[in-house]
Structures are given as structure tokens and as C-alpha cells.
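Undergrad:
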Amino acid sequence: MTLSKERIGALFFLFISIAYGYFASEIKLFPGDELDPMTAQTLPYVLSGMGIIFSLFLLISGDHKEFGSGFTHLNWKPVIALMLLTLFYGLSLDWLGFLISTTVFLIAGFRILGEKRIKVLLLVAVPFVFIFWFGLTQLLDIYLAPGRIFGS
Amino acid sequence: MLDGIITGLQTALLPTNLMMVVLGCFVGTFIGMLPGLGPVSAIALMIPITYGIDPASGIILMAGVYYGAIFGGSTSSILINAPGCSGTVVTAFDGYPLAAKGQAGKALALAAYASFSGGTISAIFLLLAAPTLAKVSLSFQSADYFALMVLGLSAVAAFSGKGQVVKALIMTVFGLMLSTVGTDRATGVERFTFGSIDLLDGISFLLLAMATFALAEAMMSVLERVDEGAETQDMTKLGSMKLSKEEIREVAPTVARSSVLGFLVGVLPGAGATIAAFLAYGVDRNLAKGAKKDEFGTGSLRGLAAPEAANNAASSGSFVPLLTLGIPGSGTTAIMLGALISYGIQPGPRLFVDHPEVFWSVIISMYVGNVVLLILNLPLIPYISRLLIIPKPILVPMILLFSITGVYLVSFNSMDILIMAGICALAIFLRLLTFPMAPLLLGFILGGMMEDNLRRALLINDDSLSFLWERPITLTIMSITLLILVAPLFQKAIKRFFHIESNAESLTID
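Listed below in C-alpha cells is the structure:
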């Protein structure tokens with residue numbers, strides 16, 4: 031049995047559906063709930079069952095094409111770097127504050143995608159972030175907490 | 039109805055709302071032109087902005103973005119053969135050859151006129167159909183709504199193209215699964231929260247939409263190295279935008295036919311602009327005779343006008359089930375439904391009664407949107423397309439930033455950014471495995487309502503599922519659901535049995 035794209039997806043969802051079904055059984059019910067025709071567990075059980083049936087169906091009926099070169103021809107490096115940058119942004123926002131972390135995010139993002147000229151990096155990122163910040167805090171009156179490292 | 043139209047006019051023609059339409063059309067055109075980013079992303083990016091304004095203006099803005107995005111998609115289809123969204127894939131079949139012949143201006147103008155006519159005709163239909171349908175749907179009960187939602191979800195899967203039906207069904211179920219995360223609305227029990235406070239309220243709809251569409255589409259454009267085309271610079275040289283009388287006479291019947299067809303397809307749950315465009319193109323090619331038929335695919339004016347009129351008509355048509363039944367028929371209307379719900383407005387038959395200003399102003403502003411596209415966007419295309427010269431290394435991080443801050447500025451919870459990154463990684467993985475994303479969003483948005491309606495229907499019906507076959511309306515809807523679900527499965531089995539190869543392209547639904 032060849033592992034085609036569809037079958038990988040089918041296996042993934044089969045796993046998800048089984049795990050979902052297992053966790054559905056852990057949903058706490060109130061005493062007497064089991065007498066109701068529909069409890070908080072009912073829909074999750076149905077969905078888990080449907081998920082399992084559909085994934086099995088896809089696993090069996092899915093196309094037989096060999097996976098081929100897989101995903102190696104894709105441009106993975108910058109995407110992984112951007113994902114990590116997003117995580118970093120999420121973690122740094124509370125600590126460094128909006129202005130610094132957003133500027134770092136943009137400069138690093140431009141750099142990852144191949145913009146090397148430092149002048150361009152700074153001249154685009156800094157004014158953009160400042161205008162964005164000014165618009166949010168001054169025009170729209172949105173409070174943006176300063177970074178924790180600056181104390182409050 | 040006249041009162042309604044006047045209310046709609048009063049709201050839609052307010053200076054702020056007119057500004058919203060214009061702004062929406064511009065932003066939509068720009069985002070729609072970017073290859074890889076479709077209308078769902080464009081609307082998702084707009085939602086955080088709409089939270090600050092009143093619901094009518096918000097939905098008007100989103101409707102403007104929707105048209106703009108489809109129009110922008112056509113523009114990039116015609117000019118660089120890179121459809122901005124799936125609804126405009128067909129536009130490239132004849133639009134790009136026309137542009138290659140040096141008639142880009144004419145192709146763009148024709149696309150705009152056809153879109154305008156399609157939009158106008160279907161706006162009139164919408165004006166007539168929506169209130170009537172809303173009145174009828176007032177008699178619908180929970181059981182019928184439950185059945186309708188099942189129909190909507192199944193239809194999206196069934197219409198999702200060759201070999202995609204089971205995948206779309208799986209994605210729908212996955213969306214429904216995600217919708218059960220959080221506190222159960224009826225009993226107050228926690229489900230799948232794993233003790234996390236951030237998940238008590240469930241997964242935010244905006245977060246899911248941004249992560250699976252805007253963020254993931256921007257990342258995908260980097261991953262797949264979408265070529266923006268060396269011809270981008272040439273966009274400013276378009277040639278004449280004039281159409282001769284004979285040409286107008288040639289395409290007029292096509293536009294009329296395709297508009298009606300587009301509207302009808304748009305109204306069907308699950309079948310959106312993409313299917314409408316493919317269908318209209320196919321119908322017109324079959325109707326064409328002799329040399330005209332051979333022209334299709336090499337720069338036929340009719341081949342360009344048909345999908346353009348149809349996709350715009352379908353966009354308006356898809357508002358019918360949204361506004362009257364509260365059931366979105368596509369990813370795009372699903373995201374609008376999500377936004378409306380977060381304003382505290384429940385679309386459906388009550389919308390017509392409770393918020394007539396929203397109901398009517400959307401319909402009126404659709405028309406205004408079409409006018410704006412024709413008289414403002416068309417002449418400005420050379421200038422808007424200059425924005426595409428912004429290099430990708432600058433553009434992509436900006437889109438990422440807008441999607442992330444769009445979510446963050448609503449919740450002010452930096453945990454959301456981390457969840458977004460996780461969901462985005464999953465969405466990229468699923469996109470690479472060619473699983474469609476729209477059914478996920480649709481399932482997620484309809485999940486809660488579906489469970490509520492089923493629960494209510496069971497309560498009313500003494501805990502028995504018999505309402506599914508005892509109520510004539512419910513039975514009819516369920517039968518249609520069964521039919522459309524079973525049909526493609528059998529089709530596949532028959533084709534496999536007889537080894538029939540089909541060359542039909544797989545479609546994705548916006």
C-alpha cells in the first residue's frame with residue numbers, strides 16, 4: 031500500500047478522530063444527564079464516529095499515486111524561519127512591548143525573505159511601525175501595554 | 039418592500055457607508071490581485087477594523103472587499119495569468135490570451151462591464167428573492183434549521199470537485215470538532231479545554247479564519263514560490279479600454295445568460311463563484327457555433343464575459359441563504375456570518391425583522407459596490423497594479439503582521455499568536471495534502487448553531503429523532519442532502535468501474 035498524500039491525510043485524521051473520541055469520553059456530565067437524549071458528549075461521539083468512517087473511507091479509496099518527491103522541492107527554510115519569528119513575536123510582545131517587537135518582527139521578516147539592504151529594512155520597518163502604533167494608540171485610542179522589561 | 043429599500047438607501051448612502059464601500063472595493067481589489075490571497079483572506083483581514091464601527095457599516099465594508107477581491111482576482115488573471123482567487127481561474131482562460139495579444143485594456147474593461155452587469159442583475163434578483171424567502175423561512179423550526187445546516191455542510195463537500203468530496207467531508211467534521219472546544223452552551227460543561235483558561239471560550243473564529251486563510255495563504259505563497267510574473271511592470275500599459283458596438287452586441291446575450299445562471303448557482307448552498315464561473319464558461323462554449331467556438335481559450339470575448347458575469351452574480355447570490363436563512367453557502371459568506379455573529383447579530387429570517395437596516399443596506403450597497411468598481415476601480419487599475427510592484431520580501435511580512443495584530447488587537451492575549459502559529463502550521467500541512475480549507479471554516483461556524491438546533495428539535499419532539507422524517511420540510515431538505523452526498527460517491531465508483539478518465543479540473547470553493 032503506497033503512502034499517497036491522501037493516505038497521509040487520512041491517517042492523520044483517523045488519529046485525530048480516535049483521540050477526539052477518547053477525550054469525548056472524558057467530558058464530565060452532571061448527574062442525571064445520561065437520561066437526556068443529548069448530552070455534552072453526544073455530538074462529539076457522533077463527530078468522532080463520522081471522522082473515523084470518513085478517514086477509513088479515504089484510506090481505502092484514496093489515490094494510489096506514489097508520494098513522489100514529497101515536499102522537498104518546496105521553499106521550506108524561509109517558511110520555517112517565519113513561523114519561528116511568529117512564535118518569537120508572540121512571546122516577545124508582552125516583554126518588549128508593541129513598538130520594539132513589531133519592528134524586530136518586520137525587519138527580521140524582510141531579511142528572511144531576502145531583503146538585505148539595511149537602509150531599506152530600517153526605512154520601511156521603523157516609520158511603518160511608528161505610524162501603525164500612532165494610529166492605534168493616538169487615533170483609535172487603543173491602549174497598548176508597555177513591555178514588561180520597562181516596568182509599569 | 040419599498041420601505042425597506044428606502045431604509046437601505048438611507049443607510050447605504052450615508053457618507054461613512056459610501057466611504058466604506060469605496061475603501062472596501064479598493065482594499066479588496068488590491069488583496070485580490072495578490073496571487074495566492076483570496077477573498078476569504080481579504081475579508082478576514084478586514085474584520086478587526088469592522089469591530090470598531092457599527093454592524094451595517096461593517097458588513098458593507100466586507101461586501102465591498104468581497105467584490106473588490108473578485109475583481110482584483112480577475113485583473114491578475116487577465117494581466118499576469120495568475121488568478122488571485124479560485125473564482126477567477128476561468129477568467130484567465132480567455133482573458134490572458136487577450137492581454138497577450140495587446141488587448142489587456144479591452145479585456146479588463148469587458149471584465150468590469152460583465153461583472154457590473156452580473157452584479158446588477160443579481161442585485162435585482164436578490165432584492166426580489168431575499169425578502170420573500172425571509173418571510174417563508176420565518177415558518178422554519180429548529181428541526182428545519184438543523185436539516186438546512188446539514189444540507190449546507192454536505193453541499194459544500196459535494197460541490198468541492200473531483201476527488202475532493204471525502205476530503206471536504208473530513209474537513210467539515212474537523213471544523214465541527216473544533217467548534218465543540220470550550221464550554222458547552224447548553225449544560226455549561228467544559229469540553230476539550232484540557233484545563234486551559236484560554237480555551238474556555240472556545241477557539242476564536244477570527245483566529246481560526248486568520249490562521250487558516252490569511253496567514254496560511256501568505257506562508258504558502260512563500261513556500262510555493264508563487265511567481266508574480268516579470269510582466270508586472272507592463273501592467274501600466276494596457277491599451278485601449280473601448281469596446282465596439284459589435285463586440286457589445288456579441289457579448290450581451292452571454293452576459294445576460296451567465297448572470298442568471300451565476301445567481302442561481304450562487305443561491306445554492308455550497309456552490310459559489312468558482313462553480314458558477316466554470317459552468318457559465320462551459321455553457322457558453324457549448325452554445326457557441328463554428329469559428330466562435332474555436333475562439334474559446336484563445337482570447338474569446340464571450341469566454342471572458344461569461345465567467346466574469348457569473349462569478350459576480352454568484353457572489354451576490356450567495357448572500358441570499360446568508361441573509362435569509364443565516365446559512366452560509368461558501369467560505370466567504372461563512373466568514374461574514376462569523377463577523378455578524380460577533381457583532382451580536384444573528385443572520386436569518388429574524389434579521390429581516392430585527393435589523394432591517396443591515397438587511398437592506400447590504401443589498402443596496404452591493405449595487406453601490408458594483409458602481410464603484412466600474413467607475414472608480416477600472417480607471418485606477420494601472421495605479422492599483424503599481425502597488426503589486428512592492429517587492430514580496432516587504433509585502434509578505436506586512437500581511438503576516440496584519441493578520442497577527444488583527445487577532446491580537448481584539449483579544450490582547452499574546453497566547454493567541456502562539457495558537458495562531460500552531461493552527462497555521464497545521465493548515466499549511468493540510469493544504470499541502472490538498473485538503474480544502476473552506477469546509478473547515480464552515481463546519482466551525484455552523485457547529486454551535488447546529489448543536490443548539492438539534493438539541494431544541496429533540497426537546498420539542500419528545501427526545502425522538504422522528505422529526506427528521508415526520509416534518510415535510512425537514513424530510514425534503516434531508517432527502518436533498520442525501521441525494522447530493524450520494525451522487526458524487528456513485529459517480530466516482532462508476533467511473534472507476536468503467537475506467538473513465540475525467541479531465542475536469544478539481545475546484546476549490548471560496
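As given, the protein sequences belong to chains A and B, one line each in that order. Those letters in the first sequence? Residues 31 to 182, per my numbering, in order. Those letters in the second sequence? Residues 39 to 548, per my numbering, in order. Backbone N, C-alpha and C define an ideal beta-carbon position, used for all residues, glycine too.
1. I'd like to check one pair, A168 (chain B) with V358 (chain B): are the Cβ atoms closer than 7 angstroms?
2. What beta strand (DSSP E) runs, 3 residues minimum, are completely inside the segment 123–180 of chain B?
3. Residue ranges of each alpha helix (DSSP H) run of no fewer than 4 residues wholly in the segment 427–510 of chain B, ordered along the chain?
4. Contact defined as beta carbons within less than 8 angstroms: I believe S354 (chain B) pairs with M404 (chain B). What is the distance between those atoms, to the nearest angstrom?
5. What first and last residue would you give for the alpha helix (DSSP H) that runs through I413 (chain B)?
6. So, is T69 (chain A) buried or exposed, given that buried needs 16 or more other C-beta atoms within 10 angstroms?
7. Report the neighbours of A70 (chain A) on chain B: residues whose CB is nearer than 7 angstroms to its CB, in chain order.
8. Tell me whether P61 (chain A) counts as near the ligand MG, meaning its Cβ is closer than 6 angstroms to at least one heavy atom of that ligand.
9. Is W398 (chain B) buried or exposed, if buried means 16 or more other CB atoms sit within 10 Å of its CB?
10. Expressed to the nearest angstrom, what Euclidean distance is found between the alpha-carbon atoms of I21 (chain B) and S217 (chain B)?
11. Label M39 (chain B) either buried or exposed according to how many other C-beta atoms from any shown protein chain fall within 10 Å of its C-beta, with 16 as the threshold for buried.
12. Helix, strand or coil for G62 (chain A), going by three-state DSSP, please let me know.
13. Report yes or no: is there a C-beta of chain A within less than 7 angstroms of the C-beta of Q271 (chain B)?
14. How would you label R178 (chain A), buried or exposed, when you count the other beta carbons within 10 angstroms and need 16 or more for buried?
15. Just the Cα atoms here: how many angstroms apart are K430 (chain B) and E489 (chain B)?
16. So is I432 (chain B) in contact with chain A if we call contact Cβ pairs under 7 angstroms?
17. Going along the segment 361–377 of chain B in order, which residues come within less than 7 angstroms of chain A, judged by CB to CB distance?
18. Using a Cβ cut-off of 7 angstroms, pull out every chain A residue sitting near T514 (chain B), in sequence order please.
19. Excluding the 5 residues preceding and the 5 following I419 (chain B) in the sequence, name in chain order all residues of the same chain whose CB lies nearer than 7 angstroms to its CB.
20. Is the beta carbon of T129 (chain B) less than 7 angstroms from the beta carbon of E346 (chain B)?
21. What does the alpha-carbon distance come out to for the pair I137 (chain A) and L151 (chain A)?
22. Using only CA atoms, which one of B:V203, B:L464, B:Y105 lies nearest to I522 (chain B)?
23. Which residues in chain A sit within 9 angstroms of S79 (chain B), going by Cβ to Cβ distance?
24. Which residues, in order along the segment 42–54 of chain A, keep a beta-carbon less than 9 angstroms from a beta-carbon of chain B?
25. How about P67 (chain A): is its C-beta nearer than 7 angstroms to some C-beta of chain B?
26. For T270 (chain B), which of helix, strand or coil comes out of DSSP?
27. If distances are taken between C-alpha atoms only, which option among B:L471, B:I379, B:G102, B:I85 comes closest to M57 (chain B)?
28. In the DSSP assignment, find the alpha helix (DSSP H) that holds G110 (chain B) and state where it starts and stops.
29. For K35 (chain A), go through chain B and note every residue whose CB falls closer than 7 angstroms to its CB, in chain order.
30. Residues of chain B with a CB under 8 angstroms from the CB of L23 (chain A): which are they?
31. Please report the Cβ distance between A137 (chain B) and I116 (chain B), rounded to the nearest whole angstrom; I am assuming they are in contact, meaning their Cβ atoms lie under 8 angstroms.
32. Once DSSP output is grouped into helix, strand and coil, what is the label at G407 (chain B)?
33. What whole-angstrom Cβ distance do S177 (chain B) and I498 (chain B) have, given they're in contact under 8 angstroms?
34. Apart from the five residues on each side of it in sequence, which residues of its chain come closer than 8 angstroms, Cβ to Cβ, to A82 (chain B)?
35. With distance defined between alpha-carbon atoms, name the residue in B:A256, B:A311, B:G220, B:A195 nearest to P108 (chain A).
36. So what's T231 (chain B) in DSSP terms, helix, strand or just coil?
TA: Straight from the coordinates:
1. yes
2. Qualifying beta strand (DSSP E) stretches: none in this window.
3. 430–449, 453–470, 476–498, 505–508
4. Between S354 (chain B) and M404 (chain B) the beta-carbon gap is near 6 angstroms, inside 8 angstroms, which marks them as a contact.
5. Run containing I413 (chain B): none; DSSP gives neither H nor E here.
6. buried
7. D222, T225, V227, R229
8. Absence of the ligand MG from the depicted structure is noted, as is the absence of any ligand whatsoever, leaving it without description.
9. buried
10. Since the displayed chain B opens at 39 and closes at 548, residue 21 (chain B) lies outside it and no answer follows.
11. exposed
12. coil
13. The predicted model places Q271 (chain B) with a pLDDT of 39, which falls under 50 and marks its position as unreliable; any figure quoted below should be read in that light. Residue-level contact check: Q271 (chain B) does not touch chain A, since none of the beta carbons of chain A fall below 7 angstroms from its beta carbon.
14. exposed
15. 43 angstroms
16. yes
17. When CB distances to chain A are screened at a threshold of 7 angstroms, not a single residue of the segment 361–377 of chain B falls below it.
18. Here the premise fails: no neighbours, minimum Cβ distance about 23 angstroms.
19. In its chain, beyond the 5 residues on either side, T113, L146 have a beta carbon closer than 7 angstroms to the beta carbon of I419 (chain B).
20. A contact, by the Cβ cut-off of 7 angstroms.
21. 6 angstroms
22. B:V203
23. Residues of chain A passing the Cβ test: none, with the nearest at roughly 16 angstroms.
24. The residues in question are F42, F43, I46, S47, Y50, F53, A54.
25. yes
26. Caution is warranted here: a pLDDT of 47 is assigned to T270 (chain B), below 50, making its placement in the model unreliable, and no coordinate value can be reported.
27. B:G102
28. 93–118
29. L471, T472
30. Lying outside 31 to 182, the shown extent of chain A, residue 23 (chain A) is not represented and no answer is given.
31. 5 angstroms
32. DSSP places G407 (chain B) in helix when its eight states are reduced to three.
33. At roughly 15 angstroms, the Cβ-Cβ gap does not stay under 8 angstroms, so S177 (chain B) and I498 (chain B) are not in contact.
34. L244, A247, M248, F251, A252, I373, S441, G444
35. The option with the nearest alpha carbon to P108 (chain A) is B:A256.
36. coil
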